[in-house]
Amino acid sequence: MQGRMESEISGPIFGYNAIWVRKIFIFIASNINSIILCMKKSPSLLLAAITVAVVFWSCQKETSPDPIVNPPVVNPPAPAPFKILDSLQMVTDLQQLSSDAFKGRQAGTPEIALSHELIQNRLRQAGVDSFATGFFQPFTLSGLEHKNLLAVIKGSSKPDEYIVLGAHYDHIGVRTSDGNVYNGADDNASGVAAVLAAAKYFKAHPPKHSVLFALWAAEEVGLRGSKYFTDNLPGTLTLAQIKFNLNLDMIARSDNNKIWGCGTYSYPAYKYLIDSLQGKTTVELKAGFDSP
């Protein structure tokens, strides 16, 4: 009987310590014969004993400690949305430039004219100005005509100092063996779409420096478009006026959610630009891929 009581009585009972309840029950069970005999001989003595037991039991009433309140779990704040470009326009432009209708945008092919039309229309819609003599900077290579596309937004306080924001728009065309189209969505419809979206943004938010938007031709055949530009600067522009060049190439895909900024090895003074963007986007922006 004692073992059964000990196994069944546990925890607080009516707010009282279960250990003392168990001890009282065990005492009564163990001395039941003596208690009955005492009841017969001296009821008043038994009543006094019970009274003392009840008072003692009352003193053992379990007081519940203040509940332990765990501090709330504080998750690190999620990066605030860092959306400043028209992502819908970017995706639309990327899809069009990389569609089969453009046949891989190979330099010198008739289909490259579709790229000229799309880029020029976007620059006009953005409301940016053409640079020097117009949006096009034509040049000839191996008997074929190619065209860089240039536009500009004048800076609010340093209009004679330029930041060049560029991307090449050509790709490698169609495979002759089976007619398979190399669409070039990442290389480099993605960069072109970003430059066009940036033109729209900076038109609405003029920067301190002038921004020259450059879409290079014939990159896949030896960086010829950008080389022609630097060798034949349009209008009165000089190399000394170009303070920074940012080239956007293959920015549409990353298996590990990283984008690399190249160039800080040779120009460490610009690393702060990459550092300043940490935590502002869920994409990890890192410096690298430019050391010897």
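So our numbering is basically just the index in the sequence shown, starting at one, shifted up by 74. By construction, the Cβ of each residue, glycine as well, lies at the ideal position given by its N, Cα and C atoms.
Reference residue i; option with closest CA among the options
i: residue 260; options: 328, 365, 295; result: 328
i: residue 257; options: 186, 366, 163, 361; result: 186
i: residue 337; options: 169, 346, 275; result: 346
i: residue 333; options: 339, 341, 342, 322; result: 322
i: residue 160; options: 183, 172, 179, 200; result: 200
i: residue 330; options: 356, 208, 352; result: 356
i: residue 243; options: 193, 207, 275, 306; result: 193
i: residue 324; options: 344, 268, 314, 178; result: 268
i: residue 249; options: 202, 178, 350; result: 178
i: residue 318; options: 222, 167, 234; result: 234
i: residue 170; options: 354, 266, 278, 350; result: 266
i: residue 229; options: 174, 366, 286; result: 286
i: residue 239; options: 204, 295, 304, 272; result: 272
i: residue 246; options: 174, 352, 163; result: 174
i: residue 231; options: 280, 309, 262; result: 280
i: residue 344; options: 222, 320, 366; result: 320
i: residue 204; options: 172, 215, 255, 277; result: 277
i: residue 223; options: 217, 289, 340; result: 289
i: residue 310; options: 236, 353, 274; result: 236
i: residue 163; options: 363, 264, 341; result: 264
i: residue 168; options: 353, 302, 241; result: 241
i: residue 312; options: 282, 184, 206; result: 206
i: residue 165; options: 326, 363, 359; result: 326
i: residue 275; options: 353, 255, 354, 202; result: 202
i: residue 303; options: 358, 211, 158, 191; result: 211
i: residue 225; options: 308, 146, 354, 183; result: 308
Simplified DSSP assignment, three categories, for residue i
i: residue 266; result: helix
i: residue 160; result: coil
i: residue 129; result: Note on residue 129: pLDDT 48, under 50, position unreliable in the model; the coordinate value appears next. Reduced to three states, the DSSP call for residue 129 is helix.
i: residue 316; result: strand
i: residue 203; result: strand
i: residue 180; result: strand
i: residue 283; result: strand
i: residue 170; result: helix
i: residue 296; result: coil
i: residue 352; result: coil
i: residue 189; result: helix
i: residue 327; result: coil
i: residue 307; result: coil
i: residue 342; result: helix
i: residue 365; result: coil
Distance between beta carbons of residue j and residue i, contact taken as under 8 angstroms
i: residue 348; j: residue 335; result: 5 angstroms
i: residue 181; j: residue 291; result: 6 angstroms
i: residue 227; j: residue 284; result: 7 angstroms
i: residue 220; j: residue 213; result: 6 angstroms
i: residue 198; j: residue 270; result: Not a contact, Cβ separation roughly 11 angstroms.
i: residue 339; j: residue 365; result: 5 angstroms
i: residue 298; j: residue 215; result: 6 angstroms
i: residue 448; j: residue 294; result: A question about residue 448 goes unanswered here, because the residues of the chain that appear run from 75 up to 366.
Residues that DSSP places opposite residue i in a beta bridge
i: residue 360; result: 334
i: residue 288; result: 224, 240
i: residue 321; result: 240
Cβ of residue i within 8 angstroms of any chain C Cβ
i: residue 216; result: This model lacks chain C altogether, as it is built from one protein chain only.
Item checked: Unbroken stretches of the beta strand (DSSP E), 3 residues or longer, contained in the segment 205–266 -> 210–215, 218–227, 232–242
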